[in-house]
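**Q** Protein chains in written order, with numbering that gives the first Met the number 0: chain U, 0 to 98; chain R, 0 to 98; chain S, 0 to 98; chain W, 0 to 98; chain Y, 0 to 98.
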Amino acid sequence: MEIGRVVGTVVSTIKSSGLNSYKLLVVAPVEVATDAATPEGATTYVAIDLVGTGEDEIVLVTRGSAARIPDASNVPTDAAIIAVVDTVQIGSKNVYSKA
Amino acid sequence: MEIGRVVGTVVSTIKSSGLNSYKLLVVAPVEVATDAATPEGATTYVAIDLVGTGEDEIVLVTRGSAARIPDASNVPTDAAIIAVVDTVQIGSKNVYSKA
Amino acid sequence: MEIGRVVGTVVSTIKSSGLNSYKLLVVAPVEVATDAATPEGATTYVAIDLVGTGEDEIVLVTRGSAARIPDASNVPTDAAIIAVVDTVQIGSKNVYSKA
Amino acid sequence: MEIGRVVGTVVSTIKSSGLNSYKLLVVAPVEVATDAATPEGATTYVAIDLVGTGEDEIVLVTRGSAARIPDASNVPTDAAIIAVVDTVQIGSKNVYSKA
Amino acid sequence: MEIGRVVGTVVSTIKSSGLNSYKLLVVAPVEVATDAATPEGATTYVAIDLVGTGEDEIVLVTRGSAARIPDASNVPTDAAIIAVVDTVQIGSKNVYSKA
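1. If we count the other Cβ atoms within 10 Å of its Cβ and call it buried at 16 or more, is Thr52(R) buried or exposed?
2. Look at the alpha carbon of Thr61(W) and the alpha carbon of Thr76(Y), and state the distance between them as a whole number of angstroms.
3. Going straight from the alpha carbon of Val10(U) to that of Val84(R), what length do you get?
4. Just how far apart, CA to CA, sit Lys97(R) and Leu24(U)?
5. So the beta strand (DSSP E) Ser96(Y) belongs to, where does it begin and stop?
6. May I ask you to report which of helix, strand or coil DSSP gives Ala27(W)?
7. In whole angstroms, what is the alpha-carbon distance linking Val31(Y) and Asn93(R)?
8. At 8 Å on the CB atoms, spell out the chain R contacts of Val83(S), in chain order.
9. With distances taken between CB atoms, is the gap from Gly3(Y) to Ala27(Y) smaller than 8 Å?
10. Short of 9 Å Cβ to Cβ, which residues in the segment 55–87 of chain U face chain R?
11. Give the DSSP bridge partners of Val87(R), in chain order.
12. Helix, strand or coil: how does DSSP classify Ala65(W) here?
13. For Asp48(S), list the residues DSSP reports as bridge partners.
14. Mind pulling the chain Y residues with CB within less than 9 Å of Gly90(W)?
15. Which residues, taken in chain order from the segment 31–50 of chain R, show a beta carbon closer than 7 Å to some beta carbon of chain S?
16. Within a Cβ cutoff of 6 Å, which residues of the same chain sit near Glu56(W), ignoring the five residues on either side of it in sequence?
17. Tell me the DSSP secondary structure of Gly53(W) in three-state form.
18. Identify, in the order they occur along the chain, each residue of the same chain with its Cβ nearer than 6 Å to the Cβ of Pro38(S), setting aside the five sequence neighbours on each side.
19. State yes or no: is the beta carbon of Ala98(W) nearer than 8 Å to at least one beta carbon in chain U?
20. Counting C-beta neighbours from all protein chains within 10 Å, is the total for Thr33(W) 16 or more, i.e. buried, or is it exposed?
21. Which residues in chain Y sit within 8 Å of Val26(S), going by Cβ to Cβ distance?
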């Protein structure tokens, strides 16, 4: 999985019906091992929200067919937010704690 | 999913029969978090159109096996346009609105 | 899907039996939006041929599990040539036409 | 599969129930062919632990749908640690041995 | 599929039981279209061996779910060596022949 920051939302009227009940969030990858900043050149992507997250939260995103397990098997998505991150520990150092 | 701009079309006579009833559109990735421009070095790709979009529209594309859920299970595609984007909001800023 | 140029062939005697009846073609990615040249740093890959193409043709390649839909479900391939490209139109410009 | 080093842990309370019984570990890719260092620009990712590993161990990680075979079919993960590496031999040289 | 050179082996005692009967080989990608050298910046990876290859051989590797078709459906692998390459022809030139 990848760790990302929720940075925005996408609204769409004309869409595959499988997307109907999901929030579409824009996620920016972040590199937790260092400073939770988005690496230069990294590009944002769009994920469905399976856990009820919001702007600026640090989340865990699963990509590919895993994004449809187990709650979204008929949803044409290749990315899903599956966890809100509380803490990230690297070695003996706590590099991220949810405020 | 990825946000892209529809920039062109591909026409093919000799093809897998699974592609027969789909429009093949050329999509350029765009980075919505900034200016909806295509990042340098990004390459275009071809997606089937599941929502009836057209030239220059900003769309949501799903990649991999998700491209065959739920409307295209016998289509040998690894990319499908599944939504036309109305608006993209990053933080408190509306960075894209469909004209 | 990706657009590529068929640049060569691979021959193999010792192989998974699932590959037995397929031609193995070397494909170089091409960037059709500009000049159908292979982008610097792009690497070639090998795809099975599902449509009967040949050297120097511009083709559509599908990657991942889509390469086994619908004609090659027992073939251990992650890339298949599923169409010969006739024309590519970018905006109002015809950027490629098959000779 | 990829070889990586376990560098940290992620804790999450709000998450997909499929993740409940798994440790979430932060993995940094390493290039064993040379010096088991993490290549510049490589980014860390998060994997579930299927073998009981820990901080600083060199492990084998499988990505994509393989991460759910055979022990985690209802887990929405796209990465799983499936082996602890004992030794890596490159040519006639033993480039890594577990301490 | 990708063409690679077998450069080493991985040994593991603590591992997913699905890996038990397979050799784990380290593969370096090679660019056959030019000189069969490994492109700068390319990283090695680990694949199971389905054809009985060995050190220094040029092989065909399939990635993703294809690595489990048809001989390894319960193996948690995302990469499998499925052919030993005899020759690679690029245009009219034989760029590689097995010794």
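We put the beta carbon where it would ideally sit given N, CA and C, even for glycine. Since the structure is predicted, the reported quantities are computational estimates derived from the model, not experimental observations.
**A** From the atom records:
1. By the Cβ-count criterion, Thr52(R) is buried, with 16 or more other Cβ atoms from all chains shown falling within 10 Å of its own Cβ.
2. 6 Å
3. 6 Å
4. 18 Å
5. 92–96
6. Strand at Ala27(W).
7. In a straight line, the C-alpha of Val31(Y) is about 47 Å away from that of Asn93(R).
8. Ser11, Thr12, Ile13, Lys14
9. yes
10. Asp55, Arg62, Gly63, Ser64, Ala66, Arg67, Ser72, Asn73, Val74, Pro75, Thr76, Asp77, Ala78
11. Val9(U), Tyr95(R)
12. Ala65(W) carries a helical assignment under DSSP once its states are collapsed to helix, strand and coil.
13. Ile80(S)
14. Under the 9 Å cutoff, chain Y gives Val6, Gly7, Glu54, Asp55.
15. Thr42, Thr43, Tyr44, Val45
16. Val5, Val83
17. In this structure, Gly53(W) counts as coil in the three-state DSSP scheme.
18. Glu30
19. no
20. exposed
21. Chain Y residues near Val26(S): none, gap ~10 Å exceeds 8 Å.
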